[in-house]
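If you count by the UniProt record's numbering, then the sequence shown holds residues 1 to 293, one letter each, in order. Each residue gets a CB set at the ideal place from its N, CA and C atoms; glycine is no exception. Please read all numbers here as calculations on a predicted model, not as lab measurements.
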Amino acid sequence: MSVANRKKVGWYLIFTVPLLLIFTLIVLVPFVIGIYYAFFQWDGIGANPMVFNGLDNFVRLMEDERFLRSAWLTVLFTVLSVITVNAAGLAFALLVTSKLKLANLARTMLFMPYLIGGLILGYIWQFVFLDVFTLIGDVTGLESIFFNWLNNEDFALFALVFVFTWQMAGYVMIVYIAGIQGIPGEVIEAARIDGASGWQRFLRITVPLLMPAFTISLFLTLSYGFKIYDVNLSLTGGGPANATELFAMNIYNEIFGYGNYGYGQAKAIVFFVIIAAITLTQVYITKKKEVEM
Numbered sequence: 001m002s003v004a005n006r007k008k009v010g011w012y013l014i015f016t017v018p019l020l021l022i023f024t025l026i027v028l029v030p031f032v033i034g035i036y037y038a039f040f041q042w043d044g045i046g047a048n049p050m051v052f053n054g055l056d057n058f059v060r061l062m063e064d065e066r067f068l069r070s071a072w073l074t075v076l077f078t079v080l081s082v083i084t085v086n087a088a089g090l091a092f093a094l095l096v097t098s099k100l101k102l103a104n105l106a107r108t109m110l111f112m113p114y115l116i117g118g119l120i121l122g123y124i125w126q127f128v129f130l131d132v133f134t135l136i137g138d139v140t141g142l143e144s145i146f147f148n149w150l151n152n153e154d155f156a157l158f159a160l161v162f163v164f165t166w167q168m169a170g171y172v173m174i175v176y177i178a179g180i181q182g183i184p185g186e187v188i189e190a191a192r193i194d195g196a197s198g199w200q201r202f203l204r205i206t207v208p209l210l211m212p213a214f215t216i217s218l219f220l221t222l223s224y225g226f227k228i229y230d231v232n233l234s235l236t237g238g239g240p241a242n243a244t245e246l247f248a249m250n251i252y253n254e255i256f257g258y259g260n261y262g263y264g265q266a267k268a269i270v271f272f273v274i275i276a277a278i279t280l281t282q283v284y285i286t287k288k289k290e291v292e293m
């Protein structure tokens with residue numbers, strides 16, 4: 001190996017080895033330990049014995065009504081969020097890439113909600129739903145629409161979807177902007193000359209050529225939607241009456257609230273498998289639909 005190649009390898013090692021070490025210690029090692037705990041009954045206290053119970057924790061999941069309800073709520077939340085976030089993000093991207101005079105300002109303002117931490121964001125919108133919505137309802141008389149959604153079991157989940165969409169749409173917008181700017185202008189111009197309407201150009205040209213952006217955006221919103229915890233904690237806390245207790249919060253409560261470390265880890269393993277299966281399937285399907293330019 002030449003001196004130049006040795007230097008390159010040395011620089012690669014300097015930058016990659018620390019990252020691999022951190023990833024191994026923070027992600028891989030706890031993940032493996034978590035799999036080990038999933039086969040035991042344990043309350044998390046070191047002085048107490050760990051009782052091996054095989055697959056009992058996983059069998060118990062199928063009879064846990066609270067966990068199954070949490071799973072259904074998480075799926076419903078994620079499906080709604082994927083639709084609303086991507087629809088809003090794509091609409092914003094089309095808006096700011098048009099001949100808008102304040103396009104740069106609009107990009108900044110639309111992206112800013114993503115920069116706000118999830119916990120802070122939840123508390124901000126808690127104030128909005130509690131005070132602002134109630135005030136608007138009192139002033140306008142539209143109390144059937146403007147009321148505290150967070151105290152209503154039928155509306156609390158939609159409030160969570162609304163806040164998540166408000167947070168993520170600007171981030172997804174950036175992905176779609178990159179995709180739109182990567183579409184060759186001559187293709188759009190040729191379609192315009194051939195007499196294609198704006199809607200036809202969008203469906204027949206823009207959408208197919210945006211499939212790589214759809215792949216990334218759908219993956220991000222699916223994974224974020226399934227893993228959401230901070231906004232869930234600060235906005236609703238899982239209430240009212242566990243109507244918004246999603247997957248991550250259910251697992252956290254099981255481990256740290258009830259002290260069921262083994263059972264909680266079994267939930268976490270199932271949670272990981274579900275997310276991995278859904279996101280990998282989504283990537284596989286959307287990748288097949290990508291068009292080469």
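Whole-angstrom distance between residue j and residue i, CA atom to CA atom
i, j, result
"residue 50", "residue 262", "9 angstroms"
"residue 6", "residue 28", "29 angstroms"
"residue 290", "residue 209", "7 angstroms"
"residue 170", "residue 53", "47 angstroms"
"residue 135", "residue 144", "13 angstroms"
"residue 150", "residue 259", "28 angstroms"
"residue 182", "residue 284", "22 angstroms"
"residue 33", "residue 141", "56 angstroms"
"residue 19", "residue 234", "31 angstroms"
"residue 91", "residue 102", "16 angstroms"
"residue 15", "residue 89", "34 angstroms"
"residue 220", "residue 193", "36 angstroms"
"residue 24", "residue 190", "51 angstroms"
"residue 55", "residue 40", "9 angstroms"
"residue 197", "residue 186", "16 angstroms"
"residue 99", "residue 11", "45 angstroms"
"residue 200", "residue 207", "10 angstroms"
"residue 280", "residue 213", "16 angstroms"
"residue 69", "residue 112", "33 angstroms"
Check whether residue i and residue j have beta carbons under 8 angstroms apart
i, j, result
"residue 78", "residue 225", "yes"
"residue 286", "residue 173", "no"
"residue 95", "residue 106", "yes"
"residue 71", "residue 202", "no"
"residue 22", "residue 97", "no"
"residue 119", "residue 230", "yes"
"residue 271", "residue 251", "yes"
"residue 278", "residue 218", "no"
"residue 163", "residue 121", "yes"
"residue 180", "residue 93", "yes"
"residue 146", "residue 137", "yes"
"residue 269", "residue 35", "yes"
"residue 238", "residue 249", "yes"
Which residues DSSP lists as bridging residue i, in chain order
i, result
"residue 51", "41"
Option in the options with minimal Cα separation from residue i
i, options, result
"residue 245", "75, 54 and 7", "75"
"residue 116", "167, 92, 220 and 156", "167"
"residue 344", "282, 24, 127 and 19", "No answer is possible for residue 344: the residues shown for the chain start at 1 and end at 293."
"residue 64", "254, 32 and 274", "254"
"residue 60", "38, 188, 147 and 161", "38"
"residue 130", "114, 288 and 156", "156"
"residue 242", "43, 58, 163 and 73", "73"
"residue 160", "137, 90 and 82", "82"
"residue 44", "269, 256, 276 and 275", "256"
"residue 184", "123, 205 and 232", "205"
"residue 124", "240, 67 and 232", "232"
"residue 165", "213, 114 and 191", "114"
"residue 236", "274, 104, 154 and 195", "154"
Beta-carbon separation (whole angstroms), residue i vs residue j, contact threshold 8 angstroms
i, j, result
"residue 57", "residue 266", "4 angstroms"
"residue 133", "residue 148", "6 angstroms"
CB contact check: residue i to chain B, cutoff 8 angstroms
i, result
"residue 99", "Structure shown: chain B not included; a single protein chain is present."
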